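2 protein chains.
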Amino acid sequence: MNRSANQKMNIRKEEIYRVATRLFREKGYNATGMRDIALEVGVEAASLYNHIRSKSELLQQCCFRMAGDFSRQLEEQEQRNSALALEKLEAVLRFHIRAWINRLDEVLVATHEGKYLEEPWLTEFMQERRRYMKRIEHIIIQGMDHGHIRRAEPYPIMLTIMSTVRGIEFWHRKQQEVSATDLEDGLVDVIIRGLLPIPSYHRS
Amino acid sequence: MNRSANQKMNIRKEEIYRVATRLFREKGYNATGMRDIALEVGVEAASLYNHIRSKSELLQQCCFRMAGDFSRQLEEQEQRNSALALEKLEAVLRFHIRAWINRLDEVLVATHEGKYLEEPWLTEFMQERRRYMKRIEHIIIQGMDHGHIRRAEPYPIMLTIMSTVRGIEFWHRKQQEVSATDLEDGLVDVIIRGLLPIPSYHRS
DNA sequence: GTCTATATAAGGATAGAC
DNA sequence: GTCTATCCTTATATAGAC
């Protein structure tokens, strides 16, 4: 098998992956049939199995590709020794937001359909997410120790950073009214302001 | 049919609803079979149909029950004429958080599985959510007009308020480390502080 | 590598005895 | 109201011709 044959196969496989990811997002993993994927790729369902091993493999590819990209980005921030923790958090937050703006299919499938992974991938995937959240919590604690993030329970702050981006799913349906830049800056502003060490919030 | 027979039927139906909602959350709507529900209720699958019309009816009940509860609570806040918009938003946010803490099964099913509703319920459900988000945006704009919420794009702020609570899903798996009260106050603090009209955030 | 045909399992829902 | 038995559809995946 020469190189061009290999490349063609990879292109085909990548097309299947792209179609499948979109359908998994639109209809859900369990409600998406191999026939649905095959229809949009333009072949019969049986032909898909010349390129992939199973439907589950497509889900694995999506989930671990995203997990890898997110983990690598976080590692970059962790190693920016000259940066403040708050700056690292803002960079991570902006990475999350841009992923949800530019790669919505993949992040939604990884977020919502990941629970349908089979073992041992399910366990590995959930452990990886747990580690990821711990690492973000660690940056938050560093920021508090250095005094440029206000003292508070770090766990809810981490959850907020992890979850804020989810609203972007709604934004995609009405993209015209608010620009991607305004959306990103607006979200970042709420969160980062909420972390500043300024004792100015008085309950009524 | 006397009153006690009616009540017994409703109790049974309510039990089926409760079991189904939990399974829909744990396994997803499509991956939950009538046989799964029946097993936990303690009857055969066929017997369920003496109490409910279809599996889809259980999903409808969950989604619209939640939509109704949320809409009514928002209406209460809208009619608190003496309150500041920021106070209304905090009350709404706390209602969301408590729902995600105390009724996680139902809110998760309504949020994640609602897309599997059949027509015309799907359209009605999505329109209702759209209206709900518009109403929250309206309160935010009121707060800006009155000067007790900082001027900014209202749309990302609304998304943040809608989405912050989603992290609570993770909290339920490790309930011991942070109390429900600390979680609620921690989440509220980040968001509400991020809305205050204090020009103290300078980008580096 | 793609096709047709099919194996095998599971799904929601119904019929009819009790 | 609950049961057993079953209808009918759909699902993933495989076999084997071309």
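These protein sequence lines are chains A and B, in that order.
Here our numbering is used: position 61 in the first sequence is 95, and no number is missing along the way.
Here our numbering is used: position 123 in the second sequence is 157, and no number is missing along the way.
All C-beta atoms in this analysis are idealised placements derived from N, C-alpha and C, irrespective of residue type, glycine included.
In this text, all values refer to a predicted model and were calculated from it rather than measured experimentally.
Chain A within 9 Å of residue i, Cβ atoms only
| i | result |
| --- | --- |
| A54/B | no |
| N64/B | yes |
| E187/B | yes |
| G67/B | no |
| M100/B | no |
| G181/B | no |
| F204/B | yes |
| S197/B | yes |
| R87/B | no |
| E110/B | no |
| I50/B | no |
| R200/B | yes |
Span separating the alpha-carbon of residue i from that of residue j
| i | j | result |
| --- | --- | --- |
| M196/B | H130/B | 8 Å |
| R128/B | N136/A | 31 Å |
| H219/B | E60/A | In the sequence on display, residue 219/B carries Asp and not His. Looking at the two C-alpha atoms, the distance is approximately 35 Å. |
| D103/B | G67/B | 27 Å |
| D70/A | E140/A | 18 Å |
| I86/B | E49/B | 11 Å |
| V77/A | R132/B | 49 Å |
| E147/A | V212/A | 28 Å |
| T194/B | Q210/A | 19 Å |
| L221/B | I202/B | 10 Å |
| M100/A | D223/B | 30 Å |
| R52/B | I173/B | 34 Å |
| M178/B | R114/B | 17 Å |
| W134/B | N44/A | 43 Å |
| C96/B | L118/A | 45 Å |
| K168/B | Q107/A | 34 Å |
| Y63/B | E110/A | 38 Å |
| L8/A | I175/B | Here chain A covers residues 35 to 238 and nothing more, so residue 8/A does not appear. |
| L142/A | R46/A | 23 Å |
is_contact[residue i, chain B] using C-beta, thresh 9 Å
| i | result |
| --- | --- |
| E140/A | no |
| W14/A | With chain A covering only 35 through 238, there is no way to say anything about residue 14/A. |
| M192/A | yes |
| G25/A | The structure shown has nothing for residue 25/A, since chain A only spans 35 to 238. |
| A72/A | no |
| L123/A | no |
| D219/A | yes |
| R280/A | With chain A represented from 35 up to 238, any question about residue 280/A goes unanswered, as that position is not in the structure. |
| R46/A | no |
| F58/A | no |
| H146/A | yes |
| G228/A | yes |
| S90/A | no |
| V143/A | no |
| M35/A | Note that M35/A scores 46 on pLDDT, short of 50, meaning its location in the model is unreliable; the coordinates nonetheless yield the value given after this. It does not: the Cβ of M35/A has no partner Cβ on chain B nearer than 9 Å. |
| E211/A | yes |
| S238/A | Reliability of the predicted coordinates at S238/A is poor, the pLDDT of 36 falling under 50, and the value obtained from them is presented with this limitation in mind. Yes, contact with chain B. |
| Y150/A | yes |
| D223/A | yes |
| S105/A | no |
Pull out every residue of the region 158–177 of chain B whose Cβ sits closer than 8 Å to any Cβ of chain A, in chain order.
Flagged, chain order: M167.
Does the contact criterion of 3 or more C-beta pairs under 8 Å hold for the region 119–126 of chain A versus the region 72–86 of chain A?
no
Across the region 90–100 of chain B and the region 146–155 of chain B, are there enough close Cβ pairs to call them in contact, namely three or more that are closer than 8 Å?
yes
Can we say the region 179–194 of chain A touches the region 175–190 of chain B, given the rule of at least three CB pairs closer than 8 Å?
These segments do not touch.
Just by C-beta distance, which residues in the region 124–136 of chain A are closer than 9 Å to chain B?
When CB distances to chain B are screened at a threshold of 9 Å, the residues of the region 124–136 of chain A falling below it are E124, in chain order.
Just checking, does the region 222–232 of chain A make contact with the region 206–216 of chain B on the three C-beta pairs under 8 Å criterion?
no
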